[in-house]
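Undergrad:
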Amino acid sequence: MFEKIAKILAEYKGIDVSEVTMESSFADLGVDSLDAVELVMNLEDELGVTIEMNNQVQTVAELVKLVEESK
Amino acid sequence: MIQSVICERLGIEYPVFQGGMAWIADASLAAAVSEGGGLGIISAMNAGPDYLKEQIRQVRERTGKPFGVNIMLMSPHADEVAKVVEEEKVPVVTTGAGLPSKYMKSWVAAGIQVVPVVPSTAIARMVERMGAAAVIAEGGESGGHVGELTTMCLVPQVADAVKIPVLAAGGIADGRGMAAALMLGAVGVQMGTRFLVADECTVHENYKQKILRAKDIDTFTTGKRLGHPVRSLKSPFSRAFFEKEYDSSVSNEELEKMGGGALRLAAVEGDEKNGCFMAGQIAAMVKKKQPAAEIIREVCQEAEILLKGAGKWVK
Chain A
-7 MFEKIAKILA
3 EYKGIDVSEV
13 TMESSFADLG
23 VDSLDAVELV
33 MNLEDELGVT
43 IEMNNQVQTV
53 AELVKLVEES
63 K
Chain B
4 MIQSVICERL
14 GIEYPVFQGG
24 MAWIADASLA
34 AAVSEGGGLG
44 IISAMNAGPD
54 YLKEQIRQVR
64 ERTGKPFGVN
74 IMLMSPHADE
84 VAKVVEEEKV
94 PVVTTGAGLP
104 SKYMKSWVAA
114 GIQVVPVVPS
124 TAIARMVERM
134 GAAAVIAEGG
144 ESGGHVGELT
154 TMCLVPQVAD
164 AVKIPVLAAG
174 GIADGRGMAA
184 ALMLGAVGVQ
194 MGTRFLVADE
204 CTVHENYKQK
214 ILRAKDIDTF
224 TTGKRLGHPV
234 RSLKSPFSRA
244 FFEKEYDSSV
254 SNEELEKMGG
264 GALRLAAVEG
274 DEKNGCFMAG
284 QIAAMVKKKQ
294 PAAEIIREVC
304 QEAEILLKGA
314 GKWVK
């Protein structure tokens, strides 16, 4: 799941996928709270899941966990 | 007469919402707006469930028409007031200051028409998926907590992004603003600042006078450093806050603490020195006190005349 999310995230931010790690925080990647919503919408479209977004998600690890719980 | 899909959906006469202004939008104003044919909205603000229940009771006592409650999602009592609107079967709920995801399913299942305030197309799409009845695209011209995009840019983009009805907010206080909003793709408007000076609005008289005296350049935003900018009238408090914001020796915690309670001081005490008088950029165009019903009629009649005459631009 991490790989899929990292790819979508990298595409969204226009950065290299190698820059995205499990430990990356959204702040490190330049993802603000409005970006995070856009990102979640993209993830829903591409992964066919419904994600209950909350404001507590701040890192890639937390996002992966949220998506896995949403399946 | 200006009418749109949102009137049918919510059972209101005019497509005009009254903004859910904290410390300002209480039962008195909300009931007057709803009775006047618009959608009056009670602000649940940071208060607990008992306050909201009492406000809802008072609105129901004064009008049998549909009304709404605005839930501020950052409120420490958000979970409790979210339950109150279900128990009380409030017809419409608007939300602000965050994502309503946590409550949407339950509200929609309870038959509530949920109309979140959105600052971006992605959030509009997200709440549409979760069953929102409509969205309010609010530009940064508005008062209080504001987003980055302006109404002129946000409304058409949100209208393109979702299939549900879009209302425009931010910078609208007369028929010109309403007509323009409809041309941008909105099916109605939400106004805050104009209703603040309504006769039925119980806000402190000093607050009303400050709005009535405001000039075009009299509002600005503070709090960008904290990530949630607020538009208010320039005042001793807001200028001092602005200075501290650019003082690196002042911590974010100190800054947050300084802002706490300042809106209450303005709205309830009318404290011109220590109060934060939140207002939209349009405050300068708000020139007279009137009954809420008259405001609604005036804005809609003016928009109607303008839209009927719009053919003059097409040769």
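Chains as they are written, first to last, in the working numbering: chain A, -7 to 63; chain B, 4 to 318. C-beta: ideal position from N, C-alpha, C; glycine also. Treat the numbers as computed from the prediction; the structure is a model and nothing was measured.
Strictly below 7 angstroms CB to CB, what residues from chain B border A:M45?
TA: For A:M45, the chain B residues whose Cβ falls inside 7 angstroms of its Cβ are L102, S104 and M129, in order along the chain.
Undergrad: Can you check whether the CB of B:A172 is closer than 8 angstroms to the CB of B:E151?
TA: no
Undergrad: On the three-state DSSP scale, how would you describe B:F280?
TA: coil
Undergrad: If you draw a straight line from the C-alpha of B:V96 to the C-alpha of B:E90, how long is it?
TA: 13 angstroms
Undergrad: Please state whether the Cβ-Cβ distance between B:A270 and B:H231 is less than 8 angstroms.
TA: no
Undergrad: Would you verify that the beta carbon of B:A125 is, or is not, closer than 8 angstroms to some beta carbon of chain A?
TA: yes
Undergrad: Classify A:N46 as helix, strand or coil using the three-state DSSP reduction.
TA: In the structure shown, A:N46 sits in coil (DSSP, three-state: anything other than H, G, I, E or B).
Undergrad: Helix, strand or coil, according to DSSP, for B:E141 in the structure here?
TA: strand
Undergrad: Can you determine whether any heavy atom of the ligand HEM sits closer than 7 angstroms to the C-beta of B:F198, and answer yes or no?
TA: In the structure on display, the ligand HEM does not appear, and there are no ligands present to speak of.
Undergrad: Please determine if the region 96 to 108 of chain B and the region 121 to 140 of chain B are in contact, where contact requires at least 3 C-beta pairs separated by less than 8 angstroms.
TA: yes
Undergrad: Take the Cβ of B:N73 as the centre, count every other Cβ of all protein chains shown within 10 Å, and call the residue buried at 16 or more, exposed below.
TA: buried
Undergrad: Can you tell me which of B:K108, B:A287 and B:A50 puts its alpha carbon nearest to the alpha carbon of B:I220?
TA: B:A287
Undergrad: Shortest alpha-carbon distance to B:Y54 belongs to which of B:T66, B:L42 and B:V88?
TA: B:V88
Undergrad: Give the single residue among B:K276, B:M129 and B:K86 whose Cα lies nearest to the Cα of B:A112.
TA: B:K86
Undergrad: Where does the unbroken alpha helix (DSSP H) through B:A162 begin, and where does it stop?
TA: T154 to A164
Undergrad: Along chain D, which residues have their Cβ under 7 angstroms away from the Cβ of B:P79?
TA: Among the protein chains of the structure shown, namely A and B, there is no chain D.
Undergrad: Find the nearest neighbour of B:V149 within the set B:F198, B:L266, B:K227 and B:V200, judged by alpha-carbon distance.
TA: B:K227
Undergrad: Going by other Cβ atoms of all chains shown within 10 Å of its Cβ, with 16 needed for buried, is A:A19 buried or exposed?
TA: exposed
Undergrad: Tell me where the beta strand (DSSP E) around B:G178 begins and ends.
TA: Counting along the chain, B:G178 falls outside any beta strand (DSSP E), though it belongs to the alpha helix (DSSP H) covering G178 to M186.
Undergrad: Cβ closer than 8 angstroms: which chain A residues qualify as neighbours of B:P122?
TA: What B:P122 touches in chain A, judged by beta-carbon distance under 8 angstroms, is L26, going in chain order.
Undergrad: Who are the neighbours of A:V29 on chain B, taking C-beta pairs under 8 angstroms?
TA: Neighbours of A:V29 in chain B, taken as residues at a C-beta separation under 8 angstroms, are given in chain order as L102, S123, A125, I126 and M129.
Undergrad: Using three-state DSSP, classify B:I115 as helix, strand or coil.
TA: coil
Undergrad: Mind checking B:S109: buried by the 16 CB within 10 Å criterion, or exposed?
TA: exposed
Undergrad: Does the contact criterion of 3 or more C-beta pairs under 8 angstroms hold for the region 158 to 165 of chain B versus the region 35 to 55 of chain A?
TA: no
Undergrad: From the DSSP secondary-structure annotation, give me the bridge partner or partners of B:G99.
TA: B:M75
Undergrad: Counting only Cβ pairs nearer than 7 angstroms, list the residues of chain B close to A:M33.
TA: Ordered by position in chain B, the residues that pass the 7 angstroms Cβ test against A:M33 are A125, R128 and M129.
Undergrad: Mind checking B:W316: buried by the 16 CB within 10 Å criterion, or exposed?
TA: The residue is exposed, with fewer than 16 neighbouring Cβ atoms inside 10 Å.
Undergrad: Evaluate the contact criterion for the region 59 to 75 of chain B versus the region 293 to 307 of chain B: three or more CB pairs, one atom per stretch, below 8 angstroms.
TA: The region 59 to 75 of chain B, when compared against the region 293 to 307 of chain B, does not touch it at the 8 angstroms Cβ threshold.
Undergrad: List the residues that DSSP assigns as beta-bridge partners of B:R228.
TA: B:R228 pairs with nothing; no bridge assigned.
Undergrad: Across the region 9 to 24 of chain B and the region 32 to 42 of chain B, are there enough close Cβ pairs to call them in contact, namely three or more that are closer than 8 angstroms?
TA: With a cut-off of 8 angstroms on Cβ pairs, the region 9 to 24 of chain B is in contact with the region 32 to 42 of chain B, counting three or more such pairs.
Undergrad: Between the alpha carbons of A:D8 and A:E60, how many angstroms are there, rounded?
TA: 23 angstroms
Undergrad: Using the beta-carbon count (16 or more within 10 Å), is A:D37 buried or exposed?
TA: exposed
Undergrad: Verify whether the separation of the beta carbon atoms of B:Q58 and B:V36 is less than 8 angstroms.
TA: no
Undergrad: Have a look at B:G262 and B:G195 and give me their C-alpha separation to the nearest angstrom.
TA: Cα to Cα, the separation comes out at about 21 angstroms.
Undergrad: In its own chain, which residues sit with a C-beta less than 7 angstroms from the C-beta of B:K68, not counting the 5 before and 5 after it?
TA: Residues of the same chain with a CB within less than 7 angstroms of the CB of B:K68, apart from the 5 flanking positions on each side, are S37 and E38 in chain order.
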